[in-house]
Amino acid sequence: MEKQQAREKIAELAEVLNQYNYEYHVLDNPSVPDAEYDEKMQELRNLEEAFPDLVTSESPTQRVGGEPLDAFQKIQHKVPMLSLGNAFSADDLRDFARRARQGTDDDITYVCELKIDGLAVSLMYEDGKFVQGATRGDGTTGEDITSNLRTIRSIPLSIKDNETIEVRGEAFMPHQSFLKLNEEREKHEAEPFANPRNAAAGSLRQLDPKIAASRNLDIFLYGVGEWESGQLTSHSERLEYLQELGFKTNPEWRKYETIDEVIEYVEYWENERPNLSYEIDGIVIKVDNLEQQDELGFTAKSPRWAIAYKFPAEEAITTLRGIELSVGRTGVITPTAVLDSVKVAGTTVKRASLHNEDLIREKDIRLGDTVVIKKAGDIIPEVVRAVKDKRTGDEKEFFMPDECPDCGSELVRLEEEVALRCINPSCPAQLKEGLIHFVSRDAMNIDGLGEKVIIQLFREKLIHTIADIYRLQRDDLLNLERMGDKSVSNLLGAIENSKANSLERLLFGLGIRFIGSKAARTLAANFETMKNLQQAAFDDILAIDEIGEKMADSIVRYFEEAEVKELIDELTALGVNMEYNGPKTEDIAVDSVFSGKTVVLTGKMESFTRKEAKEAIEQQGGTVTGSVSKKTDIVIAGEDAGSKLEKAQKLGVTVWNEEQLSEVLDW
Ligand code: IVH
């Protein structure tokens, strides 16, 4: 066959196969028997083999490809992937509606969607081609799992309109695939996955895409991230457009005008949930109109224009066999119930939280009791109460020990605290927990140095303090169980890279009492260097917005310790960065023209991209939103500005042209 002819035939086969694939995996409505699909696929494979330079990455033959990766690359989300606030009752939903109505002038239409219990992912398409897929991660930084996502057949490798768009949705494992997978695993004596969500997440975190390909994952798309040319004005239009582009959207979404109808939808799905072929853990309710979404905006963690209704926790009954004690990072002793294993909400539970001794007393929970346990969403299961009617008289009261179960020092109860603590600063259990915290995702984020490795290193006496992590040598690591050459190189690389982390990660990682990751960021942005913070007086720290007395006191006391000073000196000598690399507080100028202003960019600009303009405006304290409303302060209109400009003029919003923007930005 001539090359030109082959090219045409390949294009034709790819188109037909993509259509079959779409009908089968997205519409759930195949138009041809499997054999016909297989035959055409084989024809395409043969042609591509004969003309390898005609193979494109969008070809249906190229879903599972490439060599296994060494590690996942980190991806920065341009638009953060936020999570949602929770509602647990009809009253919570009414409160949400009330707050939304107060925050916007017009009536509200709600969109209700099923809350799919899977893994949030982002898919980037450039000029209609699927170029990158990522996990949500911590919302700001995710991992590049493109090659695994390509194996999900309901994800189109190319979309209509040559659109450049980032779409978001939930990857999940349907019940059927989950049952089949666990059956297989049990046959091979592999630990079965606890629930479909863990199975989906585990599959997408495999470095070899062949494994993900064998797991029969699926996806529903429910949102849009970055989308420069986006013109739509409502969430429901976006859902429809996603479907038009060839994405799989969940068909059960509905639009309602009143919160009572929303509550009815929630109640309906609470009953219908077992009849679905995939797991849902609640309902997501979103304000439909995008302008109203903009008006309502966000709290620190989640949008005010959406909420997740979580189905009530499922309960189960089992027997309390024992109580285990563990020592946390701050020395707090936590009792954990050891139970006869029982299934709750799709998971087998063998242990559950008992919180603290007072609670055990208050609830009069005894060893050997029949107990009710509950599991709410992703929160760890807890013991709710003892079923006293079932007592036989053999149950035994539980008493906390006087000594630390790990180091044997005397336990103390600090003033006003319910918890018992071990206050021995060299208690091995505390040191180990402190190390696990230090390397964790929101702290130094050292990949490959998870809990298991830390425990091994600790046991082998290779690390004792945080600084020891930076002293690890290749040979130390090679001697550990299950550590090959490659994983050792990766781990050493990850440790080395973490040295460059911005100060807030280190501050959070140190585990100073009351200093969470948000406070750590605030402190780092304000003090800029570790030295400044070490030298800061109580009042200097308290003067900072969002930092209270308890935090300020804790920081001052922490840095007074000689051991801390020594640790910081050691880390500095080992090359760990002690400076803040994020945006400076004074760079967010308070008196700039943009400070506190809501700005909309529209039309084409000559001398800068929309992204550059957006970043510059944000640097100056402005907020850039996508649509014009009464709350918009300035609309910057480039060439060919359309409906947004019209709307701004109608509402009397200040309009600037590109020149005015350049002047203000000094570009
Ligand atoms: S919207 C800012 N819609 O639930 C809006 N989320 O806490 C972000 N999820 O991280 C999410 N189904 O993983 C949305 N139909 C749906 C969803 C959904 C499942 C997950 C998602 C998100 C979490 C919200």
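For the sequence shown, the positions run -4 to 662 when the working numbering is used. Positions of the beta carbon are idealized from the N, C-alpha and C atoms, including for glycine.
C-alpha gap between residue i and residue j, whole angstroms
i      : j      : result
Glu541 : Asp133 : 22 Å
Gln529 : His350 : 34 Å
Pro330 : Asp353 : 11 Å
Ser198 : Ser484 : 24 Å
Asp582 : Leu22  : For Asp582, the predicted structure reports a pLDDT of 49, less than 50, and the residue's modelled location is therefore unreliable. A value from the coordinates is still provided. Each residue's Cα considered, the two are about 50 Å apart.
Leu88  : Gly277 : 13 Å
Val595 : Gln614 : 15 Å
Gln14  : Leu118 : 20 Å
Phe46  : Lys281 : 49 Å
Tyr105 : Glu267 : 21 Å
Asn143 : Asp203 : 8 Å
Leu562 : Val571 : 11 Å
Ala584 : Ser231 : With a pLDDT of only 43 at Ala584, under 50, the local geometry of the prediction cannot be trusted, and no value is derived from it.
Thr228 : Gly98  : 18 Å
Lys305 : Tyr263 : 14 Å
Ile464 : Pro400 : 26 Å
Lys513 : Thr387 : 50 Å
Arg2   : Val11  : 14 Å
Asp156 : Tyr236 : 11 Å
Ala295 : Pro75  : 12 Å
Ile214 : Ala515 : 36 Å
Arg192 : Phe83  : 21 Å
Gly665 : Ser297 : Examination of residue 665 is not possible in this model, given that the chain is present from -4 through 662 alone.
Thr343 : Ala532 : 50 Å
Glu34  : Ser54  : 16 Å
Asp373 : Glu309 : At Asp373 the pLDDT is 46, less than 50, meaning the model places this residue with poor confidence; the figure from the coordinates comes in the next sentence. Taking the straight line from one Cα to the other gives about 12 Å.
Bridge-paired residues (DSSP) for residue i
i      : result
Phe188 : Answer by DSSP bridge pairing: none, since Phe188 is not bridged.
Ile111 : Ile275
Arg249 : Cys107
Tyr304 : Ala82, Ile278
Ser229 : Asn284
Val337 : Val344
Gln127 : Met119
Glu663 : The first residue shown for the chain is -4 and the last is 662, placing residue 663 beyond what the model contains.
Thr618 : Thr593
Leu406 : Cys417
Gly164 : Val116, Leu216
DSSP-derived helix/strand/coil call for residue i
i      : result
Asp139 : strand
Leu320 : strand
Thr56  : helix
Ala82  : strand
Tyr120 : strand
Asp364 : coil
Tyr217 : strand
Leu473 : helix
Ile629 : strand
Tyr567 : Sequence inspection shows Thr at residue 567; the Tyr mentioned does not correspond to that position. Note: Thr567 maps to helix in three-state DSSP.
Lys599 : strand
Ser153 : strand
Val585 : For Val585, the pLDDT reaches just 48, beneath the cut-off of 50, and the residue's location in the model is therefore unreliable, leaving the point undetermined.
Glu574 : strand
Ala519 : helix
Val74  : coil
Arg380 : strand
Trp222 : coil
Ile147 : coil
Classification of residue i by the beta-carbon crowding that lies within 10 angstroms, buried from 16 upward
i       : result
Ala557  : exposed
Val327  : buried
Gly591  : exposed
Gly445  : exposed
His72   : buried
Ala519  : buried
Glu405  : exposed
Gly663  : Any answer about residue 663 is impossible in this case: the structure gives the chain only from -4 up to 662.
Arg94   : exposed
Lys642  : buried
Ile450  : exposed
Arg469  : exposed
Glu607  : exposed
Asp384  : exposed
Glu398  : exposed
Asn245  : buried
Met(-4) : exposed
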